[in-house]
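S.K.: Structure provided below as structure tokens; questions to follow.
2 protein chains.
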Amino acid sequence: MPDDSLQITPQPVRRQVEERLREAIITSRFMPGEHLSDRMLCDLFGVSRGVIREAVRLLEAEGLVIVVPNRGPFVAYLSAAEATQVYEVRGVLEALAGHGFAERASTEEVAELRAVFEEIAATRPGADRMALLTLKRRFYDVLLRGCRNSYVARMLDQLLNRNSQLRATTLSDPTRLPHTVEEIRRIVEAVERRDAEGAWQACRDHVAQAARVALRILNERAATGGPAPARRPAARRRAG
Amino acid sequence: MPDDSLQITPQPVRRQVEERLREAIITSRFMPGEHLSDRMLCDLFGVSRGVIREAVRLLEAEGLVIVVPNRGPFVAYLSAAEATQVYEVRGVLEALAGHGFAERASTEEVAELRAVFEEIAATRPGADRMALLTLKRRFYDVLLRGCRNSYVARMLDQLLNRNSQLRATTLSDPTRLPHTVEEIRRIVEAVERRDAEGAWQACRDHVAQAARVALRILNERAATGGPAPARRPAARRRAG
DNA sequence: TATGTCTGATTGTCTGTCAATGCGCGGCGG
DNA sequence: CCGCCGCGCATTGACAGACAATCAGACATA
């Protein structure tokens with residue numbers, strides 16, 4: 001069986017724009033509600049309108065941007081109600097991923113998961129929130145690769161991108177960190193025991209706890225009138 | 001609260017092309033592996049290349065078409081291994097949808113679900129496979145609307161589209177039909193009892209049974225060298 | 001047979017153009 | 001002073017034409 005690792009695929013410009021734009025959105029370089037005018041993106045990336053428009057379609061399908069007719073694309077905004085839904089779905093998908101990982105991951109992948117976990121566990125409170133998010137992201141990368149289910153991987157990936165902003169704030173909560181570490185430890189240990197059911201439960205619990213914290217933060221923000229993202233496109237009522 | 005039901009949203013041409021193309025793929029008017037040359041689609045729909053290309057991006061993100069660089073889009077092909085993965089994910093998502101429906105659907109929606117179920121139950125073996133698929137599709141439409149989780153709805157919708165071809169064959173299996181009806185009955189009855197856990201289980205079981213039948217059929221096809229879809233784009237090895 | 005080359009067709013991308021739509025601004029009247 | 005109306009400008013949606021890069025298949029050659 002030939003090795004695929006050396007295979008190269010030509011990357012169209014559209015693909016690069018897509019990736020950079022996605023990255024820019026999930027790292028909050030574009031704020032939720034912000035208008036992504038295509039001219040502006042043309043100047044920004046130095047490509048033609050067609051390429052921009054095609055790249056935006058991809059992100060539209062992923063739910064990262066919403067396109068309102070005749071007004072163009074806007075960075076998607078996640079309401080508290082939607083966040084609840086996202087965590088609900090994330091719970092079952094992550095559980096399924098953990099289940100599959102415990103059943104089907106190679107021993108190398110299990111070791112890799114453990115390694116990333118140790119890095120997370122070694123993080124001291126006060127670390128850069130982006131660094132922590134990146135680390136957690138690597139944990140998920142291993143998990144999604146080892147679960148041997150590309151559909152779970154793709155969908156969970158989308159969900160994680162979708163609420164990355166919220167995750168960044170919950171992850172960086174210093175009181176939350178030790179709990180997070182313990183929850184992830186349970187996942188890793190279940191996986192090492194090849195205990196699929198245990199991994200399922202550990203994942204569900206982890207997401208449930210994350211959801212609890214996230215929704216608390218969202219409610220606090222709503223109560224204190226905190227940093228609510230601009231919702232400029234709300235001028236006219238539109239179905240959605 | 002003003003009624004949204006009369007709200008209209010301008011539908012760009014791109015949107016219409018997207019919907020028709022999706023429909024054409026789901027209903028097997030384009031066969032898996034078929035090449036969707038953009039010129040051909042231009043002539044077919046009578047629109048410009050830009051519109052076609054943007055519409056294809058949407059379907060690409062949904063996984064309905066795969067785009068190989070410098071060769072264009074092809075109708076996605078579902079291997080047996082991928083089908084297994086799809087059913088795995090569908091199981092948990094459908095369970096979550098059933099769970100949410102039992103908890104949150106209005107009594108009208110419950111009645112609606114029951115009504116669609118009665119239509120399915122009244123179907124006699126030998127009915128048109130497309131008619132049955134449409135009916136089942138309506139069942140899911142009600143389920144996904146009533147579960148009050150647009151993310152489950154979108155993802156499950158994608159998965160159902162993704163393997164609609166396979167579902168058409170399993171649904172139309174005459175020996176399978178009575179079992180299908182019984183499985184769905186369990187879902188409806190659990191929902192009517194507002195038994196979220198029961199609905200969860202009933203949905204999981206239903207998908208598990210469907211998966212069993214589907215994979216059996218796939219294996220039979222593979223064994224008898226049956227109607228394997230054209231896989232023309234396999235000429236050159238490319239990373240996936 | 002295996003290798004190298006050529007050619008036609010298709011994709012990826014850019015540019016320019018035009019109609020339709022939405023937003024903001026200023027004028028007008030009360 | 002405030003609210004309403006209408007106009008102009010900027011942007012989006014869609015089209016057509018063009019060109020380089022790439023690919024598949026036929027062809028020629030050793």
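In order, the protein sequences belong to chains A and B.
First residue of the first sequence: 1, per full-length UniProt numbering; consecutive thereafter.
First residue of the second sequence: 1, per full-length UniProt numbering; consecutive thereafter.
Quick reminder that beta carbons are idealized off the backbone N, C-alpha and C, glycines included.
#1: Helix or strand or just coil, what does DSSP make of Gly72 of chain B?
#2: Are the CB atoms of Arg186 of chain B and Ala202 of chain B nearer to each other than 8 Å?
#3: Could you work out which residues of chain B lie near Leu58 of chain A, taking near to mean beta carbons separated by less than 9 Å?
#4: Is Ile8 of chain A buried or exposed, if buried means 16 or more other CB atoms sit within 10 Å of its CB?
#5: Excluding the 5 residues preceding and the 5 following Arg138 of chain A in the sequence, name in chain order all residues of the same chain whose CB lies nearer than 7 Å to its CB.
#6: Looking at the C-beta of Gly50 of chain B, does it have a partner C-beta in chain A at a distance below 8 Å?
#7: Using the DSSP secondary-structure output, state which residues sit across from Val65 of chain A in a beta bridge.
#8: For His35 of chain A, which residues does DSSP report across the bridge?
#9: For Pro73 of chain B, does the count of other Cβ atoms within 10 angstroms reach 16, so buried, or fall short, so exposed?
#10: Candidates A:Leu159, A:Ala81, A:Ser106 and A:Arg167: which alpha carbon is nearest Leu133 of chain A's?
#11: How many Å lie between Arg154 of chain B and His99 of chain B at the Cα?
#12: Return the first residue and the last residue of the alpha helix (DSSP H) that Thr84 of chain B is part of.
#13: Please report whether the beta-carbon of Tyr151 of chain A lies at a distance below 8 Å from any beta-carbon of chain B.
#14: Identify each residue in the region 69–83 of chain B for which the Cβ-Cβ distance to at least one residue of chain A is less than 8 Å, and report them in chain order.
#15: What is the residue span of the alpha helix (DSSP H) that Asp141 of chain A lies within?
#16: Looking only at C-alpha atoms, which of A:Tyr140, A:Val65, A:Ser172 and A:Leu59 sits nearest to Met130 of chain A?
#17: Kindly indicate which three-state DSSP category Pro178 of chain A falls into: helix, strand or coil?
#18: Would Val13 of chain A pass as a contact of Val65 of chain A if the rule is Cβ separation under 8 Å?
#19: Pro10 of chain B CB to nearest chain A CB: under 8 Å?
#20: For the alpha helix (DSSP H) that contains Leu160 of chain A, what are its first and last residues?
#21: By the criterion of Cβ-Cβ separation under 8 Å, what are the contact partners of Glu88 of chain A in chain B?
#22: Using a Cβ-Cβ cut-off of 8 Å (strictly less than) and excluding sequence neighbours within five positions of Val191 of chain A, which residues of its own chain qualify?
#23: Mind checking which residues open and close the alpha helix (DSSP H) that includes Ala24 of chain A?
#24: Since Arg114 of chain B is in the alpha helix (DSSP H), which residue starts that stretch and which ends it?
#25: Output yes if chain B places a C-beta closer than 8 Å to the C-beta of Arg53 of chain A; else output no.
#26: Take every Cβ of the region 22–37 of chain A, pair it with every Cβ of the region 86–93 of chain B, and state whether three or more of those distances are shorter than 8 Å.
#27: Which residues in chain B have a C-beta closer than 7 Å to the C-beta of Gln85 of chain A? List them in chain order.
#28: Would a check of beta-carbon distances place Met155 of chain B closer than 8 Å to chain A?
#29: Would you say Ile25 of chain B and Val56 of chain B are within 8 Å of each other, going by their C-beta atoms?
#30: Decide if Glu94 of chain A is buried, meaning its Cβ has at least 16 other Cβ atoms within 10 Å, or exposed.
#31: Between Pro178 of chain A and Ala127 of chain A, what straight-line distance do the alpha-carbon atoms span, to the nearest angstrom?
#32: Could you tell me the distance, in whole angstroms, from the CA atom of Asn163 of chain A to the CA atom of Ala214 of chain A?
#33: Quick one: what's got a C-beta closer than 7 Å to Arg49 of chain B's C-beta in the same chain, skipping five residues either side?
#34: Could you say which of B:Glu19, B:Arg194 and B:Leu218 lies nearest to Thr169 of chain B if we only look at CA atoms?
#35: Does the beta carbon of Val65 of chain B sit closer than 8 Å to a beta carbon anywhere in chain A?
M.R.: Quick look at the numbers:
#1: The count along the second sequence starts at 1 and reaches residue 72 of chain B at position 72. Gly72 of chain B falls in the strand class under three-state DSSP.
#2: Start at 1 with the first residue of the second sequence, and residue 186 of chain B comes out as number 186. Start at 1 with the first residue of the second sequence, and residue 202 of chain B comes out as number 202. Cβ atoms of Arg186 of chain B and Ala202 of chain B: closer than 8 Å.
#3: As a working note, residue 58 of chain A is residue 58 in the first sequence. Those within 9 Å of Leu58 of chain A in chain B are Arg57, Leu58, Glu60 and Ala61.
#4: Within the first sequence, numbered from 1, the residue matching residue 8 of chain A stands at position 8. Ile8 of chain A comes out exposed.
#5: Numbered from its first residue, the first sequence carries residue 138 of chain A at position 138. Result list for Arg138 of chain A: Val116, in chain order.
#6: Locating residue 50 of chain B in the second sequence gives position 50, counting from the first residue. Yes, Gly50 of chain B counts as interfacial toward chain A.
#7: As a working mapping, residue 65 of chain A is identified with position 65 in the first sequence. BP columns for Val65 of chain A point to A:Val75.
#8: Indexing the first sequence from 1 puts residue 35 of chain A at position 35. Note: His35 of chain A sits in a beta bridge opposite A:Phe74.
#9: Here residue 73 of chain B refers to the residue found at position 73 when the second sequence is read from its first residue. Flag for Pro73 of chain B reads buried.
#10: Here the question's residue 133 of chain A lines up with position 133 in the first sequence. Comparing Cα positions, the closest option is A:Arg167.
#11: Numbered from its first residue, the second sequence carries residue 154 of chain B at position 154. Numbered from its first residue, the second sequence carries residue 99 of chain B at position 99. Distance between the alpha carbons of Arg154 of chain B and His99 of chain B is about 16 Å.
#12: Numbered from 1 along the second sequence, position 84 holds the residue referred to as residue 84 of chain B. Run containing Thr84 of chain B: Ala80 to Arg104, per the alpha helix (DSSP H) assignment.
#13: To locate residue 151 of chain A, count along the first sequence from 1; it is residue 151. Taking Cβ atoms only, chain B reaches closer than 8 Å to Tyr151 of chain A, which makes this a yes.
#14: Pro69, Asn70 and Glu82
#15: Translated into positions along the first sequence, residue 141 of chain A becomes position 141. It spans Arg129 to Gly146 - the alpha helix (DSSP H) in which Asp141 of chain A sits, taken as one unbroken run.
#16: In the first sequence, counting from the first residue as 1, residue 130 of chain A sits at position 130. When only C-alpha atoms are compared, the closest one is A:Ser172.
#17: Here residue 178 of chain A refers to the residue found at position 178 when the first sequence is read from its first residue. Of the three classes helix, strand and coil, the one that applies to Pro178 of chain A here is helix, per DSSP.
#18: Walking along the first sequence from the start, residue 13 of chain A turns up at place 13. Walking along the first sequence from the start, residue 65 of chain A turns up at place 65. In this structure, Val65 of chain A does not lie closer than 8 Å to Val13 of chain A by Cβ.
#19: Your numbering for residue 10 of chain B matches position 10 in the second sequence. Chain A contact via Cβ: present.
#20: Position 160 of the first sequence holds residue 160 of chain A. Residues Ser150 to Arg162.
#21: The count along the first sequence starts at 1 and reaches residue 88 of chain A at position 88. Here the neighbours are Leu96, Gly100, Asn149, Tyr151 and Val152.
#22: The count along the first sequence starts at 1 and reaches residue 191 of chain A at position 191. Here the set comprises Gly98, Phe101, Ala102, Ala105, Val110, Leu113 and Ala199.
#23: Stepping through the first sequence from its first residue, residue 24 of chain A is reached at position 24. Its alpha helix (DSSP H) spans residues Val13 to Ile26.
#24: Stepping through the second sequence from its first residue, residue 114 of chain B is reached at position 114. Here the alpha helix (DSSP H) through Arg114 of chain B covers Thr107 to Ala121.
#25: Counted from its first residue, the first sequence places residue 53 of chain A at position 53. Yes - at least one Cβ of chain B is within 8 Å of the one on Arg53 of chain A.
#26: no
#27: For this step, residue 85 of chain A is matched to residue 85 along the first sequence. Scanning chain B for C-beta atoms nearer than 7 Å to the C-beta of Gln85 of chain A yields Asn149, Ser150 and Tyr151, reported in chain order.
#28: Indexing the second sequence from 1 puts residue 155 of chain B at position 155. Proximity of Met155 of chain B to chain A, defined by a Cβ-Cβ separation below 8 Å, is satisfied.
#29: Taking the second sequence and counting its residues from 1, one reaches residue 25 of chain B at position 25. Taking the second sequence and counting its residues from 1, one reaches residue 56 of chain B at position 56. No. Outside cutoff.
#30: Counting from 1 along the first sequence, the entry for residue 94 of chain A is found at position 94. Buried, because 16 or more other Cβ atoms sit within 10 Å of the Cβ of Glu94 of chain A.
#31: Taking the first sequence and counting its residues from 1, the one referred to as residue 178 of chain A is at position 178. Taking the first sequence and counting its residues from 1, the one referred to as residue 127 of chain A is at position 127. Between the C-alpha atoms of Pro178 of chain A and Ala127 of chain A there is a straight-line separation of about 13 Å.
#32: Translated into positions along the first sequence, residue 163 of chain A becomes position 163. Translated into positions along the first sequence, residue 214 of chain A becomes position 214. About 10 Å.
#33: Translated into positions along the second sequence, residue 49 of chain B becomes position 49. Asp38 and Cys42.
#34: Sequence index remark: in the second sequence, residue 169 of chain B carries index 169 (1-based). Out of B:Glu19, B:Arg194 and B:Leu218, B:Leu218 has the C-alpha closest to the C-alpha of Thr169 of chain B.
#35: Position 65 of the second sequence, counted from the start, is the residue given in the question as residue 65 of chain B. Taking 8 Å as the threshold, the shortest C-beta distance from Val65 of chain B to chain A does not fall below it.
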